[in-house]
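S.K.: In the numbering used here, the protein residues as written are 13 to 460. Even for Gly, the Cβ is constructed at its ideal location relative to N, Cα and C. If you're wondering where the values come from, they're calculated on a predicted model, not measured in any experiment.
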Amino acid sequence: MTDNAADLDPALGKLTYDLDRAHVFHSWSAQGALAPFVVAGGHGSEVWDYDGARYLDFSSQLVNMNIGHTHPKVVAAIQKQAAELPMVAPAHANLARGEAAARILAKAGPEFGRVFFTNGGADANENAIRMARLTTGRDKVLSTYRSYHGNTGAAVVATGDWRRVPNEYARGHVHFFGPFLYRTEFWATTPEEESARALHHLERVIVSEGAASIAAILLEGVPGTAGVMIPPPGYLSGVRALCDKHGIVLILDEVMSGFGRTGSWFSWQHPLVNPDGVVPDLITFAKGVNSGYVPAGGVIISESISGAFDDQVFPGGLTYSGHPLAMASIVAAIDAMEEEGIVENAAAIGEDVLGPGLHALAAKHPIIGEVRGVGVFWALDLVQDRETREPVPGATIAALKGELMSRGLLPFVADNRLHVVPPCVITPEEARRGLAIIDEALTALTAG
Ligand code: PLP
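1. Rounded to the nearest angstrom, what separates Asp397 and Asn286 at their Cα positions?
2. Taking 7 Å as the line, does the beta carbon of Asn163 fall inside it for any heavy atom of ligand 1?
3. Between which two residues does the beta strand (DSSP E) carrying Gln396 extend?
4. Between Leu154 and Phe188, is the Cβ-Cβ spacing less than 8 Å?
5. Is it the case that the CB of Tyr305 approaches a heavy atom of ligand 1 more closely than 7 Å?
6. Could you please give me the residues that DSSP links to Ala320 through a beta bridge?
7. How big is the Cα-Cα spacing for Ala105 and Glu221?
8. Is it a yes or a no for the stretch 372 to 380 touching the stretch 137 to 151, going by three-plus beta-carbon pairs under 8 Å?
9. Below 7 Å, is the gap between the Cβ of Met268 and the nearest heavy atom of ligand 1?
10. Cα separation between Val127 and Ala320?
11. Going by DSSP, name the residue or residues bridged to His185.
12. Whole angstroms is fine: what's the gap from Leu447's alpha carbon to Pro368's?
13. Where DSSP assigns a beta bridge to Ile229, which residues make up the other side?
14. Whole angstroms is fine: what's the gap from Leu416's alpha carbon to Ala456's?
15. Between the Cα of Arg445 and those of Pro307, Val261 and Val365, spot the shortest distance and give me the residue it belongs to.
16. Is Glu232 near ligand 1, in the sense that its beta carbon is under 7 Å from a heavy atom of that ligand?
17. For Leu262 versus Pro292, is the C-beta spacing smaller than 8 Å?
18. Which residue comes first and which comes last in the alpha helix (DSSP H) that contains Asp451?
19. Quick check: what's the CA-CA separation for Leu27 versus His35?
20. Would you mind reading off the limits of the alpha helix (DSSP H) that contains Thr147?
21. Enumerate in chain order the residues of its own chain whose CB-to-CB distance from Gly414 is below 8 Å, with the five nearest sequence positions on each side excluded.
22. So, for Asp21: in the same chain, excluding its five sequence neighbours on each side, which residues have a beta-carbon less than 7 Å away from its beta-carbon?
23. Over what stretch of residues does the beta strand (DSSP E) that includes Asp69 continue unbroken?
24. Assign Gln324 to buried or exposed, taking buried as 16 or more other Cβ atoms, counted over all protein chains shown, within 10 Å of its Cβ.
25. Which of helix, strand or coil does DSSP assign to Gly406?
26. Which residues in the same chain have their Cβ closer than 7 Å to the Cβ of Arg429, if we skip the five residues on either side of it in sequence?
27. Is the Cβ of Phe424 closer than 8 Å to any Cβ of chain D?
28. Would you list the residues sitting across from Phe37 in a DSSP beta bridge?
29. Using 8 Å for Cβ pairs, my map puts Pro10 next to Pro84. What's the rounded Cβ distance?
30. CB-CB under 7 Å to Asn78, same chain, minus the five flanking residues each way: which ones, in chain order?
31. By DSSP, does Glu382 sit in helix, in strand, or in coil?
32. Taking the beta strand (DSSP E) that Glu58 falls in, what are its first and last residues?
33. With burial defined as no fewer than 16 other Cβ atoms inside 10 Å of the residue's Cβ, what is the status of Glu363: buried or exposed?
34. Whole angstroms is fine: what's the gap from Thr202's alpha carbon to Leu24's?
35. So, using beta-carbon positions, are Ile317 and Leu294 closer together than 8 Å?
36. With a cut-off of 8 Å on the beta carbons, I'd call Val343 and Ala89 a contact; round off their distance for me.
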């Protein structure tokens with residue numbers, strides 16, 4: 013893909029901004045005061061505006077651009093598929109869909125038999141929950157307070173026909189605290205203590221809710237938007253043991269943590285995340301599977317759960333399930349990630365550049381309370397006081413965002429945190445440049 017930054021027209025930048033402000037309704041925002049950043053194009057780990065200003069994309073947009081912007085092999089695959097067959101009904105067979113499912117299953121491992129494709133991450137979780145409920149005959153779903161699983165749920169309940177009846181969604185959701193030593197709910201002082209006490213708490217919740225009423229435990233492999241918290245040793249295997257003991261389906265949400273972000277294909281395959289190597293029953297994915305070039309997500313289904321629907325009807329579907337453009341982009345993205353060693357690059361960048369670099373920044377800037385992460389999946393927990401760990405206020409995060417943008421880095425911020433989540437293709441030089449910008453921005457922020 014050519015870098016088209018040379019042909020930019022600032023007037024188009026103004027038109028883009030004006031059209032957006034006049035007509036576009038944005039996610040998760042009060043609309044009045046918005047001033048969206050205008051993106052004209054991108055390549056690899058960079059994006060640029062219509063004035064030609066370039067930014068290192070340390071957000072990967074919404075932590076999805078794992079393969080980088082405008083990867084030529086993925087762009088070409090979408091173009092080829094568009095010319096051949098841009099859309100086909102989900103009931104028909106289609107070569108790209110079968111190939112995409114086979115590629116994904118090869119990464120997930122032999123315990124998994126089929127893939128159900130969705131339009132993104134939220135509907136992947138909706139359908140995984142539905143599968144767990146239908147196969148267990150139970151209702152409740154347990155998930156952690158510190159999590160994000162998506163933004164749907166009302167549409168099928170609003171539906172009037174039979175499809176509503178097995179899918180009355182917004183019921184039976186129970187929350188519990190997952191492990192998070194830095195802000196422990198359990199008065200723990202070591203990762204081992206945090207793990208054991210979080211598991212004890214979870215079992216108490218299971219028993220108190222009635223184990224026989226619980227269909228699934230839904231967990232992010234590594235909770236992402238909530239703060240990039242790698243589970244402490246023994247936690248995932250402890251959850252797996254509780255699921256086995258009580259007949260509960262374990263769903264791992266790998267929407268953000270999957271497809272290279274941690275330096276593994278899935279975070280649960282990373283020895284730091286899951287040293288005991290336990291395997292979930294269902295895996296949900298989206299984002300990095302094709303870096304979002306075309307919206308796509310899905311559920312990777314264990315042989316046993318998939319087999320339960322050999323004779324029983326699965327009451328779920330989407331017009332664009334397995335959309336050919338999305339499928340062609342998945343095949344090309346996974347192949348390119350493999351051929352180019354992109355997952356290995358993410359692991360090496362984390363180990364050699366981002367990990368040491370972010371810890372060096374913490375040694376220099378007292379505002380950094382904790383550095384957490386692995387691969388290209390990091391968070392800086394910013395605090396007013398290292399002793400009390402009181403989070404910095406929103407105004408500090410807004411000011412930091414301004415300092416970073418003015419120096420050419422597009423950040424991802426959440427609550428009191430700066431997440432350091434560049435594409436998996438980032439080069440050591442780009443990663444070091446990003447770290448230098450964060451260093452300067454933190455210096456400017458705390459000097460002011
Ligand atoms: N699950 C996780 C872990 C996520 O991070 C997200 C989105 O950020 C979702 C689910 C929802 O995905 P989508 O926005 O594609 O519906």
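M.R.: Checking against the coordinates, here is how it stands:
1. Taking the first residue of the sequence shown as 1, we reach residue 397 at position 385. Taking the first residue of the sequence shown as 1, we reach residue 286 at position 274. Between Asp397 and Asn286, the C-alpha separation is close to 32 Å.
2. Residue numbering aside, residue 163 sits at position 151 when the sequence shown is read from its first letter. Answer for Asn163: yes, Cβ within range of ligand 1.
3. As a position in the sequence shown, residue 396 is number 384, starting the count at 1. It spans Phe389 to Asp397 - the beta strand (DSSP E) in which Gln396 sits, taken as one unbroken run.
4. Here residue 154 corresponds to residue number 142 of the sequence shown, with the count starting at 1. Here residue 188 corresponds to residue number 176 of the sequence shown, with the count starting at 1. Yes, they are a contact pair.
5. Your numbering for residue 305 matches position 293 in the sequence shown. For ligand 1, not one heavy atom lies less than 7 Å from the Cβ of Tyr305.
6. For the purposes of this step, residue 320 is identified with residue 308 of the sequence shown, where counting begins at 1. In the DSSP output, where bridge partners are listed per residue, Ala320 has none listed.
7. Numbered from 1 along the sequence shown, position 93 holds the residue referred to as residue 105. Numbered from 1 along the sequence shown, position 209 holds the residue referred to as residue 221. C-alpha separation (whole angstroms): 42 Å.
8. With a cut-off of 8 Å, the stretch 137 to 151 and the stretch 372 to 380 do not count as touching, because too few Cβ pairs lie within range.
9. Indexing the sequence shown from 1 puts residue 268 at position 256. In this structure, ligand 1 has a non-hydrogen atom nearer than 7 Å to the beta-carbon of Met268.
10. In the sequence shown, the residue the question calls residue 127 occupies position 115. In the sequence shown, the residue the question calls residue 320 occupies position 308. Distance between the alpha carbons of Val127 and Ala320: 14 Å.
11. As a first step, residue 185 must be located in the sequence shown, where it is residue number 173. In DSSP, His185 forms a bridge with Val153.
12. Walking along the sequence shown from the start, residue 447 turns up at place 435. Walking along the sequence shown from the start, residue 368 turns up at place 356. Near 10 Å, if we compare the C-alpha coordinates of Pro368 and Leu447.
13. Indexing the sequence shown from 1 puts residue 229 at position 217. For Ile229, which the question treats as bridged, DSSP gives the partners Leu154 and Leu262.
14. The residue labelled residue 416 in the question sits at position 404 within the sequence shown. The residue labelled residue 456 in the question sits at position 444 within the sequence shown. Between Leu416 and Ala456, the C-alpha separation is close to 10 Å.
15. Mapped onto the sequence shown, residue 445 falls at position 433. Of the candidates Pro307, Val261 and Val365, the one whose C-alpha sits nearest the C-alpha of Arg445 is Val365.
16. In the sequence shown, residue 232 corresponds to position 220, counting from 1. For Glu232, the shortest C-beta to heavy atom distance toward ligand 1 is below 7 Å.
17. Translated into positions along the sequence shown, residue 262 becomes position 250. Translated into positions along the sequence shown, residue 292 becomes position 280. Contact: yes.
18. Mapped onto the sequence shown, residue 451 falls at position 439. Where Asp451 is concerned, the enclosing alpha helix (DSSP H) stretches over Pro440 to Ala459.
19. In the sequence shown, the residue the question calls residue 27 occupies position 15. In the sequence shown, the residue the question calls residue 35 occupies position 23. CA-to-CA, the gap between Leu27 and His35 works out to about 12 Å.
20. As a position in the sequence shown, residue 147 is number 135, starting the count at 1. Residue range Gly133 to Thr148 is occupied by the alpha helix (DSSP H) that includes Thr147.
21. In the sequence shown, residue 414 corresponds to position 402, counting from 1. Taking C-beta separations shorter than 8 Å and ignoring five residues to either side along the sequence, Gly414 has no partners in its chain.
22. Along the sequence shown, one-based indexing puts residue 21 at 9. Cβ within range, chain order: Tyr62.
23. Stepping through the sequence shown from its first residue, residue 69 is reached at position 57. For Asp69, the uninterrupted beta strand (DSSP E) segment begins and ends at Arg66 to Asp69.
24. Against the sequence shown, residue 324 aligns to sequence position 312. The C-beta of Gln324 has fewer than 16 other C-beta atoms within 10 Å across all chains shown, which makes the residue exposed.
25. Here residue 406 refers to the residue found at position 394 of the sequence shown. The three-state secondary structure of Gly406, taken from DSSP, is helix.
26. In the sequence shown, residue 429 corresponds to position 417, counting from 1. Result list for Arg429: Gly239, Ala391, Leu392, Asp393 and Leu394, in chain order.
27. The structure shown contains no chain D; it holds only a single protein chain.
28. As a first step, residue 37 must be located in the sequence shown, where it is residue number 25. Phe37 pairs with nothing; no bridge assigned.
29. Residue coverage of the chain in this structure runs from 13 to 460, which leaves residue 10 outside it and unanswerable.
30. In the sequence shown, the residue the question calls residue 78 occupies position 66. Cβ-Cβ distances below 7 Å link Asn78 to Ser72, Phe271, Gly272, Arg273, Gly300, Ser303, Pro435 and Cys436 in the same chain, with the five nearest sequence neighbours on each side left out; the list follows chain order.
31. For this step, residue 382 is matched to residue 370 along the sequence shown. Three-state DSSP puts Glu382 in a strand.
32. Working through the sequence shown from its first residue, we reach residue 58 at position 46. Segment Glu58 to Trp60, the beta strand (DSSP E) holding Glu58.
33. Position 351 of the sequence shown, counted from the first residue, corresponds to residue 363. Exposed, since its Cβ has fewer than 16 Cβ neighbours within 10 Å.
34. In the sequence shown, residue 202 corresponds to position 190, counting from 1. In the sequence shown, residue 24 corresponds to position 12, counting from 1. Rounded to whole angstroms, Thr202 to Leu24 spans 54 Å at the Cα level.
35. Indexing the sequence shown from 1 puts residue 317 at position 305. Indexing the sequence shown from 1 puts residue 294 at position 282. Yes. Within cutoff.
36. Indexing the sequence shown from 1 puts residue 343 at position 331. Indexing the sequence shown from 1 puts residue 89 at position 77. Correct: roughly 7 Å between the Cβ atoms.
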